[in-house]
Each structure stands twice: as structure tokens, then as C-alpha cells.
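Report on one structure; see the data block that follows.
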Amino acid sequence: MILVIVLVVGQSQSIDISDAAFLAPSPVGGEVALVSRDGVLYRWSPENALVRVADSVLAWGVSWSPDGSAIAFVRNGRISIARNDKLTWSSQRFARPGYPAWLGGDLVYTGDGSLFIGEQSFNGFSLVATVSPNPSTREIAYTDIEGKYLLIFNPSSGETDTVFSDPEGLALFAPQWSPDGKLLVICRAGPGFWIWSPQKREPRLISPGEAPSWSPDGRRLVYQVSKDDGHNILSSELYILDIASGRSEKLPGKPDRLMPRFGADAVFYLTIEGGAGFLRID
Numbered sequence: 441m442i443l444v445i446v447l448v449v450g451q452s453q454s455i456d457i458s459d460a461a462f463l464a465p466s467p468v469g470g471e472v473a474l475v476s477r478d479g480v481l482y483r484w485s486p487e488n489a490l491v492r493v494a495d496s497v498l499a500w501g502v503s504w505s506p507d508g509s510a511i512a513f514v515r516n517g518r519i520s521i522a523r524n525d526k527l528t529w530s531s532q533r534f535a536r537p538g539y540p541a542w543l544g545g546d547l548v549y550t551g552d553g554s555l556f557i558g559e560q561s562f563n564g565f566s567l568v569a570t571v572s573p574n575p576s577t578r579e580i581a582y583t584d585i586e587g588k589y590l591l592i593f594n595p596s597s598g599e600t601d602t603v604f605s606d607p608e609g610l611a612l613f614a615p616q617w618s619p620d621g622k623l624l625v626i627c628r629a630g631p632g633f634w635i636w637s638p639q640k641r642e643p644r645l646i647s648p649g650e651a652p653s654w655s656p657d658g659r660r661l662v663y664q665v666s667k668d669d670g671h672n673i674l675s676s677e678l679y680i681l682d683i684a685s686g687r688s689e690k691l692p693g694k695p696d697r698l699m700p701r702f703g704a705d706a707v708f709y710l711t712i713e714g715g716a717g718f719l720r721i722d
């Protein structure tokens, strides 16, 4: 039996920004957080266009709360939260802050050797940049300082499980649990990315491919396949992978789209020139 991915894709639409460096769609749809190349954080929606939220923001790791009411980000060495376009909370200042994520209503982040889950802290997490909390088990996926290993920390037991390393010795980074907590995708410093199952414990390499992002139902991944000259990206196409069948389909549009991110009903992306846009996906 041949399995076929059926996608209904709308026309590509642009977002009125010319210097975008990072974007994060709201999990409830309708809004996008955008960071410009000079560190200005904006909130965008079709109704309100760009609304300035904060400046001096690091252009990676901007994270929406699950209910879409808050945005977490790194600013001036602090983990900060904005609600209704106003700063409402900031952590102590860190020499080395990691990027924030959410576990239900709890903010999860690292800083100066500690992991924080809400008000609770754990030691032994020096220089961890990216963490991914499992929405079902509350386990925290992360990579070590050099990216040699994928590790999973259980905050209930305090134990850490070393899961795997890249067979080619490439650095691993930016793990992301699927929304149902059943699979983990991990980027690597080379062609392709890994998909890992806690049940099978055997990683599967998807190559070529970069910058994967889960769909809200966990059934698909969107990712980019790019070409470069060793310094600059020359072209980049977007693909959607169906997890069940293992088949990928290229999305229509110009070969200039980067860093795709699934929203509630669309795939959002940046462009090589610094623009941003989205495709409606059903």
C-alpha cells in the first residue's frame, strides 16, 4: 500500500518586516512573535500588524506560554516574560542564561549552572543553552556543553539518562519534544536531523534537512533544505514530513525561505533577505 500525504496549501502571504532574525508562532494561532536583527521583539497579528514589545532581546529562544498569554525571552542577561506587550517578570541576572521553554504554566530555563522549573531549581546544568520539557512526563531533554550527547533529566528522581551521541561525532543541539511527548527531534551540526523515540530508543536520521518544527498534533514536521557556499545560504526550500508514512513533500513557493515554524493553522518562515511570511496549511 502506498501512503500519500494530502496537504491543502494556501498562497504564501508576507509579514511587513524587513529585518527579521527569529520568529515564534503562538500555539493558539493568530499571532507571531518576531525578533529583528537589532534585537527588537515584536508581536504580530493580521489585525494589529507589528506591536513593539521589548528591545535588547536575543534573537533565539523566544517562547510562548501554552495558552498564548505570555512570551518568554532573554534580555540583558535575564529571562523575562511579557504579557499584554508589557514586561511583567525578570529573573536574576545571569552571566550565561539559557533559552526559556514552558512546561504547562511553569517557565523552564537554565542560568549559571542551574536548571529552573518554576520556583524549583536544580544544580549541574552549566552552560546549557536549550532545554525541552516533555509535556507528558515532565522530563527535560538537553545536550551537554559540547553537544556530544543528548541527555534527559527526570526532576522527580533527580536522575539523568545519557540517550545517544551522533555516530559521525557531530554536535547535537536544540532538542524538541513532540506535543504528545512521544518523540524527540534533535538538530545536528551537519546535514539532517534525528528523530528519537523513548520506546524504541533508536534514532532515525532525516537527511537532508535542517531547522525542524513540530505540527500542533505531532503528526508532521516542517523543515528546510538549504544550499550554501560555505558562508552564506544561497537557497532554501521547505518540506513537510509525515511521521507515520515517513514521506516528505515540498511546499510551493520561492527557494528563499528559512527557519519554518508550525503555527496552529499555518507554517511561518523567514526569508534569506530578512523578510517573513506564512502559508496556510490544512
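With positions in the sequence shown counted from 1, the corresponding number in our numbering is that position plus 440. Where is the CB? At the ideal position from N, CA and C, for every residue including glycine.
Subject >> Residues that DSSP places opposite Lys526 in a beta bridge >> reply: The residue given as residue 526 occupies position 86 in the sequence shown. Note: Lys526 sits in a beta bridge opposite Arg523.
**OP:** Quick one: measure Cβ to Cβ for Pro575 and Ala541, integer angstroms, because I've assumed they're closer than 8 Å.
**Re:** The residue labelled residue 575 in the question sits at position 135 within the sequence shown. The residue labelled residue 541 in the question sits at position 101 within the sequence shown. Not confirmed; about 10 Å, so no contact.
Original post:
Cβ atoms of Val468 and Ala704: under 8 Å apart, would you say?
Top reply: Taking the first residue of the sequence shown as 1, we reach residue 704 at position 264. Taking the first residue of the sequence shown as 1, we reach residue 468 at position 28. Contact annotation: Ala704 and Val468 have beta-carbon atoms nearer than 8 Å.
**OP:** Could you spell out the range, first to last residue, of the beta strand (DSSP E) harbouring Phe462?
**Re:** As a working mapping, residue 462 is identified with position 22 in the sequence shown. Residues Ala460 to Pro465.
Original post:
Out of curiosity, what's the CA-to-CA distance linking Gly714 and Met699?
Top reply: In the sequence shown, the residue the question calls residue 714 occupies position 274. In the sequence shown, the residue the question calls residue 699 occupies position 259. For Gly714 and Met699, the distance between alpha carbons rounds to 11 Å.
Original post:
Roughly how many whole angstroms lie between the Cα atoms of Ser496 and Arg477?
Top reply: For the purposes of this step, residue 496 is taken as residue 56 along the sequence shown, with counting starting at 1. For the purposes of this step, residue 477 is taken as residue 37 along the sequence shown, with counting starting at 1. Rounded to whole angstroms, Ser496 to Arg477 spans 10 Å at the Cα level.
Subject >> Helix, strand or coil at Ala494 [DSSP, three-state] >> reply: On the sequence shown, position 54 is the one that residue 494 refers to. Assigned with DSSP and collapsed to three states, Ala494 falls in strand.
Original post:
With burial defined as no fewer than 16 other Cβ atoms inside 10 Å of the residue's Cβ, what is the status of Gln453: buried or exposed?
Top reply: For the purposes of this step, residue 453 is taken as the residue at position 13 of the sequence shown. Under this definition Gln453 is an exposed residue.
Original post:
Which one or two residues does DSSP pair with Pro573 in a beta bridge?
Top reply: Along the sequence shown, read from residue 1 onward, the residue named residue 573 stands at position 133. Answer is Ile580.
**OP:** Use the C-beta contact count for Val491: other C-beta atoms within 10 angstroms, 16 or more gives buried, fewer gives exposed.
**Re:** Working through the sequence shown from its first residue, we reach residue 491 at position 51. Looking at its Cβ environment, which holds fewer than 16 other Cβ atoms inside 10 Å, Val491 is exposed.
Original post:
Could one say the Cβ of Glu579 lies closer than 8 Å to chain B's Cβ atoms, at least one of them?
Top reply: Of the chains in the structure shown, none is chain B; there is only one protein chain.
Subject >> Per DSSP, the bridge partner or partners of Arg477 >> reply: As a first step, residue 477 must be located in the sequence shown, where it is residue number 37. In the DSSP output, where bridge partners are listed per residue, Arg477 has none listed.
Subject >> Proximal residues to Val444 (C-beta, below 6 Å), its chain only, five neighbours per side dropped >> reply: One-based indexing of the sequence shown puts residue 444 at position 4. With a pLDDT of 34 at Val444, under the threshold of 50, the modelled position of that residue is not reliable, and the figure given next carries that caveat. Annotation for Val444: no residue places its beta carbon closer than 6 Å to its own, counting only its chain and skipping 5 residues before and after.
**OP:** Output the boundary residues of the beta strand (DSSP E) element that contains Phe718.
**Re:** Residue 718 sits at position 278 when you count from the first residue of the sequence shown. Where Phe718 is concerned, the enclosing beta strand (DSSP E) stretches over Ala716 to Arg720.
Original post:
How is Thr711 classed by DSSP in three states: helix, strand or coil?
Top reply: Position 271 of the sequence shown, counting from 1, holds the residue named residue 711. Strand at Thr711.
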